[in-house]
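The working numbering applies: residue 6 is where the sequence shown begins, and numbers increase by one.
Glycine residues also receive a C-beta, built at the ideal position from the N, C-alpha and C atoms.
First up is the structure itself, then whatever we jot down about it.
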Amino acid sequence: ARYRLSSVAGTGDAAATAMRRVALLIAMVCATGCDDSFQGDEPPDQVEDANFAGAYSINFNNDENGCAFDGWTVDATTTGVPVTITQDGNQVTADVEGLAGTFLDLYLGSKRLSGTVEGNDATLILLGAPRDHAGCVSVIDAEYALTLAGDAVSGTAVYTRAIQSGTCTFPAGCESHQTLSGSRAPQ
Numbered sequence: 006a007r008y009r010l011s012s013v014a015g016t017g018d019a020a021a022t023a024m025r026r027v028a029l030l031i032a033m034v035c036a037t038g039c040d041d042s043f044q045g046d047e048p049p050d051q052v053e054d055a056n057f058a059g060a061y062s063i064n065f066n067n068d069e070n071g072c073a074f075d076g077w078t079v080d081a082t083t084t085g086v087p088v089t090i091t092q093d094g095n096q097v098t099a100d101v102e103g104l105a106g107t108f109l110d111l112y113l114g115s116k117r118l119s120g121t122v123e124g125n126d127a128t129l130i131l132l133g134a135p136r137d138h139a140g141c142v143s144v145i146d147a148e149y150a151l152t153l154a155g156d157a158v159s160g161t162a163v164y165t166r167a168i169q170s171g172t173c174t175f176p177a178g179c180e181s182h183q184t185l186s187g188s189r190a191p192q
């Protein structure tokens with residue numbers, strides 16, 4: 006059934022006129038507010054994700070070694086580590102080679118990290134597999150936080166160890182840190 010605003014029960018001419026004005030106001034707001042030619046404050050431009058893809062030579066500088074990794078010397082630097090990063094949209098994968106790749110493979114069970122890019126920053130993660138290190142079964146995870154500036158990359162690596170079982174000489178949740186820097190061929 007169709008109703009006229011003036012025929013709604015309990016409304017007089019003043020109420021019907023007010024309701025028509027509200028309806029007209031709503032229609033005007035929708036007509037002008039839904040237009041593509043918005044003239045107000047524009048939303049900030051979205052920052053385009055950087056292209057991290059390439060073959061890098063990265064230096065890994067050892068910082069604190071809270072997880073007591075064997076052979077880890079604070080302030081020692083492993084230079085020229087080959088790291089290949091591939092990218093599909095905002096998804097990235099890094100394959101670490103050389104001594105750093107051997108370390109990852111030995112302690113974490115893989116040398117491939119994966120993650121996402123947001124602007125000029127990438128976060129790559131490797132969730133480790135359980136490993137037995139001298140009677141201590143643990144899982145070590147790695148997180149690399151990288152920033153790209155042109156063809157230069159810098160950032161940090163954090164290795165976190167969680168105890169699974171056995172006799173362990175390090176605290177659960179311990180962290181070891183590295184500082185990363187390097188570059189790729191000009192893109």
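If you check the CB distance, residue 112 and residue 136 come in under 8 Å. For residue 152, the enclosing beta strand (DSSP E) stretches over residues 141 to 154. Residue nearest to residue 80 within the set 66, 171, 118 is 66 (criterion: CA-CA distance).
The beta carbon of residue 71 is closer than 6 Å to those of 179, 180, 181 in its chain, skipping five residues each way along the sequence. Beta-bridge analysis with DSSP links residue 167 to 144. The three-state reading of DSSP puts residue 82 in strand, counting E and B together. Residue environment: residue 130 is assigned as exposed (fewer than 16 neighbouring CB atoms within 10 Å of its CB, all protein chains considered). Secondary structure of residue 175 (DSSP, three-state): coil. For residue 105, the uninterrupted alpha helix (DSSP H) segment begins and ends at 103 to 113. In the structure shown, residue 52 adopts coil according to DSSP, grouped into three states. Secondary-structure assignment with DSSP links residue 92 through a beta bridge to 97. DSSP, reduced to helix, strand and coil, places residue 183 within a strand of the structure shown.
The alpha-carbon separation between residue 123 and residue 160 amounts to approximately 14 Å.
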